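Undergrad: Residue 1255 in this note's numbering sits at position 289 of the first sequence, and the numbers go up by one each step.
No residue lacks a Cβ here, since even glycine has one placed at the ideal position from N, Cα and C.
Computed from a predicted model, the values in this text were never measured in an experiment.
First the structure, then my questions, so here it is.
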Amino acid sequence: MTADDPERIEPRTLKGFRDYLPGQMIPRERIIDTARRVYRSYGFAPIDTPALEHLDVLTGKGGGETEKQLYKFQDAGGRWVGMRFDLTVPLARFAAQHLAELGTPFKRYHIATVWRGENVQRGRYREFMQADFDTIGTLSTAADVETALVIHDLFLALGFSEFTIRVNNRQVLTGLLQRLDLAGKAVEILRAIDKLGKMGPEKVQAEIVEVAGATADQAARVLSMVSLKGENGEVLRQLDGLVEGSETGQQGVSRLRDLLAAAIAAGVPKERIRLDVSIARGLDYYTGTIYETFLTALPGIGSVCSGGRYDNLAALFTSQQLPGVGASLGLDRLLAAMEELSMLPKSATPADVFIPFFDATRLHDYLRLAASLRQAGLGVELYPDPKKLGQQLSYADRRGFRFAVIVGGDEFAGGTCQLKDLADRSTATVSIAESVRPLVEEIRRRKSA
RNA sequence: GUGGCUGUAGCUCAGUUGGUUAGAGCGCCAGACUGUGGCUCUGGAUGUCGAGGGUUCGAGUCCCUUCAGCCACCCCA
């Protein structure tokens, strides 16, 4: 093939779809591992579902926005199929289909790729990964609390200390709207409220009047509630007054009060979990607690972990009432955030130890050494060509290896090796005559130091 | 889907009113240094100027289309 070969195909990826190089994939896998570990530590069990579903499963009763973003096509057999655009709808189908054998309460996590044909932006792609966890089959506030605790543990485990889980409860707003006779326009009003951070109160109020047909006075009252600021306890007290006379509203406030108290009792610092009456979440199926997680250093990127409680997950598929609560970690958005915050290590190798192929006649010895280090649990890469040592070390340095174990003629003769710490350029002579154990211990010691 | 900005070497960019063989820095490869990587010096390779079409004697430079990226709307992870 030549450069002007007309048959040559340009290598490229679809808009919004990306390749992941080792430098990106290593931290990505680390986030996945962390999420998995935290979810499992609470007893959430892994599941998976197909990427493709029957189209009607995904579209359900039809919803404007998601339907527009849905990737759909006819398969070879003429069936209409769609690619999942979130993990909640597949969970609903899954629950309706298998819950009889699983029983409730059922806690699952699901880390998988989803697809949305929407316009791309920083941290927003057409193919991205979500890491969901949900507890279904219970109405208990305990599950709501646990959801917040999982989010909290997760972000700590990921290396964040500056973040805020904002919580709210749909029932509070619903209660207020009932009192204002605006209950029928809840969806439009919620959507307007969701824009509060971006547009400011005046425009939101105008939108409520315009889109929901509310009077200026009604809109002002919605705004006054949604604009409540201050300590969690203070806001709760004010909400008590605002929802007075609405059973739903009172229940919402009461659940928020319980949730916050329990989360703080469980060790979440109060600055990391805040009642924020303005968060509403676009999705209409949330009926109770709502969660959004913001990074203090990067509020502009939006929520990196969102979720909430729903009354009836699988109404579309079964008459069985399935309440639940859960949240979704936006892995790719989070990764974009971490990259921007320089939280990603630059290493492009998953291994700790580099062994230069130094003495061209000793391949077998190098292979043996590498094997015994691996057996001790270390990741080891042996360079494939006996090039000059400087070049090999330069390669190791670029890749981000931490250690080089150098063994040449002198070392073979003396039964030793040189352990070189690429980070601080120091070297130490370690005996490997009897066993590699001293070497392994030295590496471990330096790693944890 | 709508609107704005951008697209030149692996990366960041320069490229004069359209004018012959398209440049820099960084990176990469090699050597100086036949057993030790971040410095220095020397040499070297690399471009369908995002793609396609048009205007022109002549286009990286102008026009149209298209693709991709960034930003806003929208929505959301």
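#1: Over what stretch of residues does the alpha helix (DSSP H) that includes Leu1115 continue unbroken?
#2: Among the candidates Ser1401, Val1373, Ala1379, whose CA atom is the shortest distance from the CA of Thr1393?
#3: Would DSSP call Asn1278 helix, strand or coil?
#4: Report the start-end ranges of each beta strand (DSSP E) in the region 1256-1300 that is 3 residues or longer and not cut off at the edges.
#5: Report the three-state DSSP secondary structure of Gly1089 (helix, strand or coil).
#6: Could you spell out where the alpha helix (DSSP H) holding Leu1241 opens and where it closes?
#7: What residues match up with Pro1012 in a beta bridge as DSSP calls it?
#8: Please name the residue or residues paired with Val1396 in a DSSP beta bridge.
#9: From the DSSP output, in three-state form, read off Ala1415 for me.
#10: Would you list the residues sitting across from His1020 in a DSSP beta bridge?
#11: Could you check what DSSP says for Ala1326 in three-state terms: helix, strand or coil?
#12: According to the neighbour-count rule (16 or more other Cβ atoms, all chains shown, within 10 Å of its Cβ), is Met991 buried or exposed?
#13: Is it buried or exposed, Trp1046, if we count other Cβ atoms within 10 angstroms and call 16 or more buried?
#14: What residues in its chain sit with their C-beta under 7 Å from that of Val1346, if we drop five residues either side in the sequence?
#15: With C-beta atoms as the reference, is Ala1293 less than 8 Å away from Ile1117?
#16: With DSSP run on the structure shown, which of helix, strand or coil describes Asp1098?
#17: Between the C-alpha atoms of Leu1162 and Arg1238, what's the straight-line distance to the nearest angstrom?
#18: Near Tyr1252, which residues of its chain fall below 7 Å by C-beta distance, leaving aside the five closest residues on each side in sequence?
#19: Quick check: what's the CA-CA separation for Glu1258 versus Asp1351?
#20: Considering only the alpha carbon of each residue, which of Asp1325, Leu1208, Phe1010 lies closest to Ala1379?
#21: For the beta strand (DSSP E) that Glu1347 lies in, which residues bound it at each end?
#22: Just curious, the beta strand (DSSP E) that Val1133 is in, first and last residue?
TA: A quick look at the data gives this:
#1: Here the question's residue 1115 lines up with position 149 in the first sequence. Segment 1107-1123, the alpha helix (DSSP H) holding Leu1115.
#2: As a working mapping, residue 1393 is identified with position 427 in the first sequence. Nearest of Ser1401, Val1373, Ala1379 to Thr1393, Cα basis: Val1373.
#3: For this step, residue 1278 is matched to residue 312 along the first sequence. DSSP, read as helix, strand or coil, puts Asn1278 in coil.
#4: 1271-1276, 1290-1296
#5: Working through the first sequence from its first residue, we reach residue 1089 at position 123. The three-state secondary structure of Gly1089, taken from DSSP, is coil.
#6: Here residue 1241 is taken as the residue at index 275 of the first sequence, counted from 1. Segment 1239-1241 is the beta strand (DSSP E) holding Leu1241; no alpha helix (DSSP H) there.
#7: Here residue 1012 refers to the residue found at position 46 when the first sequence is read from its first residue. DSSP lists Tyr1075 as partners of Pro1012.
#8: Translated into positions along the first sequence, residue 1396 becomes position 430. Cys1383.
#9: By one-based count along the first sequence, residue 1415 stands at place 449. Ala1415 falls in the coil class under three-state DSSP.
#10: Within the first sequence, residue 1020 is the residue found at index 54, counting from 1. DSSP output for His1020 lists Val1047 as bridge partner(s).
#11: One-based indexing of the first sequence puts residue 1326 at position 360. In this structure, Ala1326 counts as coil in the three-state DSSP scheme.
#12: Taking the first sequence and counting its residues from 1, one reaches residue 991 at position 25. With fewer than 16 other Cβ atoms within 10 Å, it is exposed.
#13: Position 80 of the first sequence, counted from the start, is the residue given in the question as residue 1046. Around the CB of Trp1046, fewer than 16 other CB atoms lie within 10 Å, so the residue is classed as exposed.
#14: Within the first sequence, numbered from 1, the residue matching residue 1346 stands at position 380. These residues qualify, in order along the chain: Ala1317, Val1319, Ile1321, Ala1336, Leu1339, Arg1340.
#15: Translated into the one-based positions of the first sequence, residue 1293 becomes position 327. Translated into the one-based positions of the first sequence, residue 1117 becomes position 151. Contact: yes.
#16: Along the first sequence, read from residue 1 onward, the residue named residue 1098 stands at position 132. Three-state result, Asp1098: strand.
#17: As a position in the first sequence, residue 1162 is number 196, starting the count at 1. As a position in the first sequence, residue 1238 is number 272, starting the count at 1. When rounded, the distance between both Cα atoms is 21 Å.
#18: Stepping through the first sequence from its first residue, residue 1252 is reached at position 286. Arg1136, Gly1274, Arg1275, Tyr1276, listed in sequence order.
#19: Within the first sequence, residue 1258 is the residue found at index 292, counting from 1. Within the first sequence, residue 1351 is the residue found at index 385, counting from 1. Rounded to whole angstroms, Glu1258 to Asp1351 spans 52 Å at the Cα level.
#20: Here residue 1379 corresponds to residue number 413 of the first sequence, with the count starting at 1. For Ala1379, the nearest C-alpha among the options comes from Asp1325.
#21: Numbered from 1 along the first sequence, position 381 holds the residue referred to as residue 1347. Run containing Glu1347: 1346-1348, per the beta strand (DSSP E) assignment.
#22: For this step, residue 1133 is matched to residue 167 along the first sequence. 1129-1135 is the span of the beta strand (DSSP E), which, as asked, contains Val1133.
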